[in-house]
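Taking the working numbering, the leading residue of the sequence shown gets -19, the next gets one more, and so forth. Beta carbons: idealized from backbone N, C-alpha and C, even for Gly. Fair warning: this is a prediction, and the values are worked out from it, not measured in the lab.
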Amino acid sequence: MILQLDKEKLDILAKEVRDAGQYAKEQQALIHRSYKKDGTVITETDITISNRIIECIGKLFPDANIISEETLTPYKQEAPCTFVLDPIDGTDVYSQGFPSWAVALGILDSNRKPVGAYICAPRWGIGTEELFVRLDPNGPLLVNDIPFSVKEGKDFPHQITMGSSGQRLMDFSHFEGKIRIFGSSIIHMLCPVLFDHIQGCVNQSCYIWDVTASHAVLLHEGMDIEYIDGQPFVYDDDFTLKRKPFPISLYGGTKVCRDNLKKVLPPKK
């Protein structure tokens, strides 16, 4: 069944995500780092954005599930869709003043397939000062309000993005390309779509909110992600309901690119 959501309500939600990104940008120079029990970084901005977007979704789509990194909410199996929120993806770089972070909201349909995304990276763009990605369910991919489609020539990984722990997990002995590391899983996974000369990505183990929005964009443009052992990437109960990290690293890109990544950038033995 195709997910149908009211366009006017999605307009309001998209604006809320974009406004949240601008708010985070204004706060970045003033931010103070603190830490969760697991040692990961958190800021006041994470909490503020989580609260305001959850409130917005609750008013617009009261029957939907919401999964947020910073706020635990109930999960209803019968819900028509699930919104997956990372109020600041890349909090560590955000808290240090770097530009590569994003407010990311993904949408899963009732089959847990990523079908929508709203991503605001207000200090990160394609030759611009802002990046705002909008993908309504069943709608076009918009980048800064302009229809966008991925360029051709994405089948061999001459240049990739990678998580910051990739250097200790992957075998680089057969890889002769370039690697970009930005500190944001959402941005890493967007890059093969947005940038002409980046073909693929390798992401290390992380959580549902770190991948859902960008995964929706990849799927829309004919790309996908899969585990480095070749198994399909699925939104199972552990990943979704229990909010556990996925177990191993993943490859992202076209099917041919992912196959080539297995050859030139396998995991360390």
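Terminal residues of the continuous alpha helix (DSSP H) containing residue i?
i: leucine 88; result: That residue, leucine 88, is in no alpha helix (DSSP H); its beta strand (DSSP E) goes 82 to 89.
i: aspartate 26; result: 24 to 40
i: isoleucine 159; result: First-last for isoleucine 159: 158 to 160, but that is the beta strand (DSSP E), not the alpha helix (DSSP H).
i: valine 173; result: 165 to 174
i: phenylalanine 219; result: 217 to 220
i: threonine 192; result: 192 to 200
i: leucine -17; result: Note, leucine -17: premise wrong, no alpha helix (DSSP H); not H, not E.
i: isoleucine 106; result: Premise fails: isoleucine 106 is in no alpha helix (DSSP H) and is neither H nor E.
i: isoleucine 11; result: That residue, isoleucine 11, is in no alpha helix (DSSP H); it is neither H nor E in DSSP.
i: leucine 149; result: 146 to 149
Could you check which residue in the options has the C-alpha nearest to that of residue i?
i: lysine 5; options: Tyr74, Ile99, Pro172 and His168; result: Tyr74
i: alanine 97; options: Gln76, Ala(-6), Ser129 and Thr20; result: Ala(-6)
i: serine 14; options: Asp72, Pro79, Phe175 and Ile188; result: Asp72
i: proline 94; options: Pro227, Lys243 and Gly202; result: Gly202
i: glutamine 211; options: Gln179, Pro102, Glu(-4) and Ile228; result: Ile228
i: arginine -2; options: Asp18, Glu(-12), Glu110 and Leu10; result: Glu110
i: histidine 200; options: Asn124, Lys56 and Leu174; result: Leu174
i: glutamate 156; options: Glu58, Lys56, Lys17 and Asn240; result: Asn240
i: isoleucine 208; options: Lys242, His154, Arg148 and Gln57; result: Lys242
i: histidine 12; options: Glu24, Asp(-14) and Asp18; result: Glu24
i: glycine 86; options: Phe213, Val236, Asp190 and Lys235; result: Asp190
i: aspartate -14; options: Thr28, Gly119 and Gln57; result: Gly119
i: proline 225; options: Phe213, Gln57, Thr62 and Glu58; result: Phe213
i: threonine 28; options: Asp(-9), Tyr3 and Asp18; result: Tyr3
Pop quiz: residue i and residue j are said to be a contact at Cβ under 8 Å. What is the actual Cβ separation, rounded to whole angstroms?
i: serine 165; j: aspartate 26; result: The Cβ separation is near 15 Å, so there is no contact.
i: glutamine 8; j: glycine 77; result: 6 Å
i: proline 60; j: leucine -17; result: 7 Å
i: glutamate 206; j: leucine 245; result: Incorrect: roughly 14 Å between the Cβ atoms, too far for contact.
i: proline 172; j: glycine 232; result: 6 Å
i: glycine 38; j: alanine 101; result: Contact doesn't hold; Cβ gap of about 25 Å is too wide.
i: lysine 131; j: aspartate 176; result: 5 Å
Looking at residue i: is its Cβ nearer than 8 Å to the Cβ of residue j?
i: leucine 121; j: threonine 192; result: no
i: cysteine 186; j: histidine 168; result: no
i: lysine 248; j: methionine 142; result: no
i: isoleucine 34; j: threonine 53; result: yes
i: valine 64; j: isoleucine 188; result: yes
i: serine 145; j: glutamine 179; result: no
i: isoleucine 46; j: arginine 223; result: no
i: tyrosine 99; j: leucine 170; result: Contrary to the premise, residue 99 reads as isoleucine rather than tyrosine in this sequence. Cβ atoms of isoleucine 99 and leucine 170: closer than 8 Å.
i: threonine 51; j: serine 80; result: no
i: cysteine 36; j: glutamate -12; result: no
i: tyrosine 215; j: arginine 92; result: yes
For the beta strand (DSSP E) containing residue i, name the first residue and the last one.
i: glycine 257; result: This structure does not reach residue 257, given that the chain is present from -19 up to 249, and the question cannot be answered.
i: phenylalanine 204; result: The sequence shown places aspartate at residue 204, not phenylalanine. Note, aspartate 204: beta strand (DSSP E), 204 to 207.
i: phenylalanine 63; result: 61 to 69
i: proline 94; result: 94 to 101
i: isoleucine 140; result: 139 to 142
i: isoleucine 188; result: Premise fails: isoleucine 188 is in no beta strand (DSSP E) and is neither H nor E.
i: arginine 114; result: 111 to 115
i: valine 121; result: Valine is not the amino acid found at residue 121; the sequence shown has leucine there. Run containing leucine 121: 121 to 123, per the beta strand (DSSP E) assignment.
i: asparagine 45; result: 45 to 48
_When you compare the segment 115 to 133 with the segment 196 to 212, are there three or more beta-carbon pairs, one atom per stretch, that lie closer than 8 Å?_
Cβ pair count under 8 Å is three or more, so yes.
_Would the segment 137 to 155 count as touching the segment 36 to 44 if we require 3 or more Cβ pairs under 8 Å?_
no
*Below 8 Å, can you find three or more Cβ-Cβ pairs linking the segment 155 to 162 to the segment 209 to 225?*
no
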